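Student: One structure is given below, represented as structure tokens, and several questions about it will come after.
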Amino acid sequence: MNARRPLALTATTLAAALVLTGCVSGEGSEGPDAAQPADNPAAGAAAQTGGWSDDQLTLDFATYNPLSLVIKDQGWLEETLGEEVTVTWVQSAGSNKANEALRAGAVDVGSTAGSAALLARSNGSPIRTIDIYSQPEWSAIVVPADSPITEVSQLAGTSVAATKGTDPYFFLLQSLDEAGVPLDAVEVQNLQHADGKTALENGSVQAWSGLDPLMAASEATAGSKLIYRNIDFNTYGFLNATETFLEENPDLAQIVVDAYEKARAWAQENPDEVVRILAEVAAIDPAVAEKVIVERTKFDIDPVPGDAQRDVLEVVGPIFVESGDVASQDAIDSALDTLLDDEFATKADPSNVAGS
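Taken in order, the sequence shown gives residues -26 to -1, 1 to 330; the numbers are from mature numbering (1 follows the signal peptide of the UniProt record, and there is no 0).
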């Protein structure tokens, strides 16, 4: 087993809720409104422009994206945008669901793993990555407590649960490739993350390519074992927006990224609060949430999409082509050239966002 040492940090990675739910209202340089009163620093910008570019903002929150949980919990966007803009939150059950919501126009901004963003862009989804919210170690190969399987090479001839279109699925592909196991030697059960956990624990599959915090919860409650970890096979957390939204509402895109950078600093200063929020939203024991936060997420990173993310995705891209998830390497190359947008994170200014 090629074990990797967990990453210490002061923020959170999170795993997916089961269903894409309905709405709940409720990653720079100085902005033009930096001198505005501290209780609502963004009010000046809205006044200068005659108001915000739209009266609606829809974005996702997900248990695998800690900053989204913080922003939603603290109500910063609602306070900053005031009565002029209705903020709607939609829960994403996984990167695949966030991509579906972006493609359907159900959200303006959605959070995915980097691999899932590349997959979507390569297959024609008009999204761009505007912020990097974390570098997590959120995926691993998991087996039941009493399993005789100790290495990835032993997965040949078994049934493995994984959610296609998400980092755990791509983690599985890379792990099998490294171990010399052909993909067609494994029966991949395409189950949403929570269903994969259930299938593992009830014996329906022999292994699961898991996602935190469901993975950490399975360790704690069922004694499940992580037989292979490799942070290099986990892509970054990407915050994505539709091209139409970025073209028509750049002011709202900027304030979302500003809020993410406010949340990044807040999460590092208030790790116990992040644990509380994650435990409540994911309905898990605080000790499990703490394990995810302390051991498996690096949050103190450069939020500007750039070379570090491209380097990771250049490794994943050919695997998509080989597995048939993307038609050609040309599609991968085109997506790599157009996916990452550094404009908003480069200009991010947390002081534009109201709230303490």
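The C-beta atom is built at its ideal place from N, Cα and C for all residues, glycine as well. Only a predicted model underlies this, so the values are computations on that prediction, with no experimental measurement involved.
Under the rule that 16 or more other beta-carbon atoms within 10 Å means buried, what is Pro156, buried or exposed?
Tutor: exposed
Student: Just the Cα atoms here: how many angstroms apart are Ala79 and Ser99?
Tutor: Checking the sequence, you will find Gly at residue 79 rather than Ala. Taking the straight line from one Cα to the other gives about 11 angstroms.
Student: Would you be able to state if there are at least three C-beta pairs under 8 angstroms between the segment 66 to 78 and the segment 265 to 276?
Tutor: no
Student: Which of helix, strand or coil does DSSP assign to Phe212?
Tutor: strand
Student: Do Pro110 and Lys272 have their C-beta atoms closer together than 9 angstroms?
Tutor: yes
Student: What does DSSP give as the partner residue(s) for Val162 in the beta ladder?
Tutor: Answer is Val134, bridged to Val162.
Student: Would you identify the three-state DSSP class for Leu293, choosing helix, strand or coil?
Tutor: Per the sequence presented here, residue 293 reads as Ile, with Leu not at that position. Reduced to three states, the DSSP call for Ile293 is helix.
Student: Use the C-beta contact count for Gln22: other C-beta atoms within 10 angstroms, 16 or more gives buried, fewer gives exposed.
Tutor: For Gln22, the pLDDT reaches just 42, beneath the cut-off of 50, and the residue's location in the model is therefore unreliable, leaving the point undetermined.
Student: Below 8 angstroms on the Cβ atoms is my contact criterion, and I expect residue 352 with Ala227 to pass it. Report the Cβ-Cβ distance as a whole number of Å.
Tutor: The structure shown has nothing for residue 352, since the chain only spans -26 to 330.
Student: Check whether the Cβ atoms of Ile104 and Val286 lie closer than 9 angstroms to each other.
Tutor: no
Student: Apart from the five residues on each side of it in sequence, which residues of its chain come closer than 6 angstroms, Cβ to Cβ, to Ile45?
Tutor: Ala233 and Ala237
Student: Apply the 10 Å Cβ neighbour rule to Glu193 and answer buried if 16 or more other Cβ atoms are within range, or exposed otherwise.
Tutor: Glu193 sits buried, since 16 or more C-beta atoms from the chains shown fall within 10 Å of its C-beta.
Student: Going along the chain, which unbroken runs of the beta strand (DSSP E) with 3 or more residues stay wholly within the segment 35 to 63?
Tutor: The beta strand (DSSP E) runs of length 3 or more contained entirely in the segment 35 to 63 do not exist; there are none.
Student: How many angstroms separate the CA atom of Glu235 from the CA atom of Ser121?
Tutor: 42 angstroms
Student: Going straight from the alpha carbon of Thr60 to that of Phe35, what length do you get?
Tutor: 16 angstroms
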